[in-house]
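S.K.: Okay, here's the structure, questions in a sec.
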Amino acid sequence: MHNIDLFNQYRNLKPKRTFLIFILLTIFYNTSSAQKDPQLRDALSIITKASISGDVEGILSQTSFRLIESMGGIEQATKLTKEVYSSLTNYGIKFDSVINYVDMEISKIDGIAYCFIPQVLVMSMPEKDKIAITSANLLALKEGEPERWTFLNFNKMDQEKINLFLPEFNGKITLPKGLEKKTLVVGKEEVGKTVEQMMKLIDESVKKRD
């Protein structure tokens, strides 16, 4: 087992574009349907089906307007999302599944409902006998008119970016820390054990915050 930076392929991109693509990448996975809130579960299901089929319009329909605006609007967001899928294919990366830690409470600030969803991501690699496993943190937001759940990843956000995307939350909440932001590459026979260990670390982290 060894560590790699899965996304170093994007090192030649402009910093803002790299950040936004990372956010997109970490919400486009096969998600669990065990979320407690039915509307949130349905929203996760929609974005999952759209991402697996490459339905860019469907994906962006479930992406927070905050992220879309930061990407330059829907046309630019559509272009970048298509480029993400093309890049994944070129690099031989396939997202197989994600295990969501769904035992998280839904809270509300200034009329915005939110829920943190820690994730463990499992990805096929060009090397047929290797699997990449990493962690991410997803934020579900219920806002807008009409109110509905959309998604925003905050895995790579520092406090400045958090304030930019979520000024309503500034000084009112502490975003949960993710797992060590590295990607593990393991043999296929090690996947189950590695995922179990990472989910245990998430569980321990959540309980400490509580």
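In this note's numbering, the protein residues as written are 1390 to 1599. For every residue, glycine included, the Cβ atom is placed at its ideal position computed from N, Cα and C.
(1) Which same chain residues end up closer than 8 Å to residue 1463 when comparing Cβ atoms and leaving out the 5 residues on each side of it in sequence?
(2) Out of curiosity, what's the CA-to-CA distance linking residue 1443 and residue 1586?
(3) For a test of the three-state rule: what should DSSP assign to residue 1587, helix, strand or coil?
(4) Would you mind stating whether residue 1487 and residue 1511 have Cβ atoms separated by less than 8 Å?
(5) Which residues mark the beginning and the end of the beta strand (DSSP E) in which residue 1532 is found?
(6) Hey, residue 1519 and residue 1574 are a contact pair by Cβ (cut 8 Å); roughly how many whole angstroms apart?
(7) In terms of residue numbering, what span does the alpha helix (DSSP H) encompassing residue 1454 cover?
(8) Candidates 1472, 1590, 1455 and 1528: which alpha carbon is nearest residue 1542's?
(9) CA-CA distance, residue 1504 and residue 1577?
(10) Counting pairs of Cβ atoms below 8 Å between the region 1550 to 1561 and the region 1476 to 1487, do you hit three or more?
(11) Counting along the chain, where does the beta strand (DSSP E) carrying residue 1542 start and finish?
(12) I'd like to check one pair, residue 1525 with residue 1544: are the Cβ atoms closer than 8 Å?
(13) Starting from residue 1489 and walking both ways along the beta strand (DSSP E), at which residues does that stretch end?
(14) Taking the CB atoms as reference points, tell me whether residue 1451 and residue 1432 lie closer together than 8 Å.
(15) Return the chain-ordered list of same chain residues with a C-beta closer than 6 Å to the C-beta of residue 1513, the five sequence neighbours on each side being excluded.
(16) So, is residue 1414 buried or exposed, given that buried needs 16 or more other C-beta atoms within 10 angstroms?
(17) Pick helix, strand or coil for residue 1515, following the three-state DSSP scheme.
(18) Helix, strand or coil for residue 1422 per DSSP?
(19) Using the C-alpha atoms, what's the distance from residue 1555 back to residue 1460?
M.R.: Per the coordinate set shown:
(1) 1449 and 1457
(2) 31 Å
(3) Three-state DSSP puts residue 1587 in a helix.
(4) yes
(5) 1519 to 1532
(6) Right, their Cβ atoms sit about 5 Å apart.
(7) 1454 to 1459
(8) That would be 1528, whose Cα lies nearest to the Cα of residue 1542.
(9) Approximately 32 Å, taken between the alpha carbons.
(10) no
(11) 1537 to 1542
(12) In this structure, residue 1525 lies closer than 8 Å to residue 1544 by Cβ.
(13) 1483 to 1489
(14) yes
(15) 1483 and 1485
(16) The predicted model places residue 1414 with a pLDDT of 49, which falls under 50 and marks its position as unreliable, so this point remains unresolved.
(17) coil
(18) Reliability of the predicted coordinates at residue 1422 is poor, the pLDDT of 39 falling under 50, and no value is obtained from them.
(19) 15 Å
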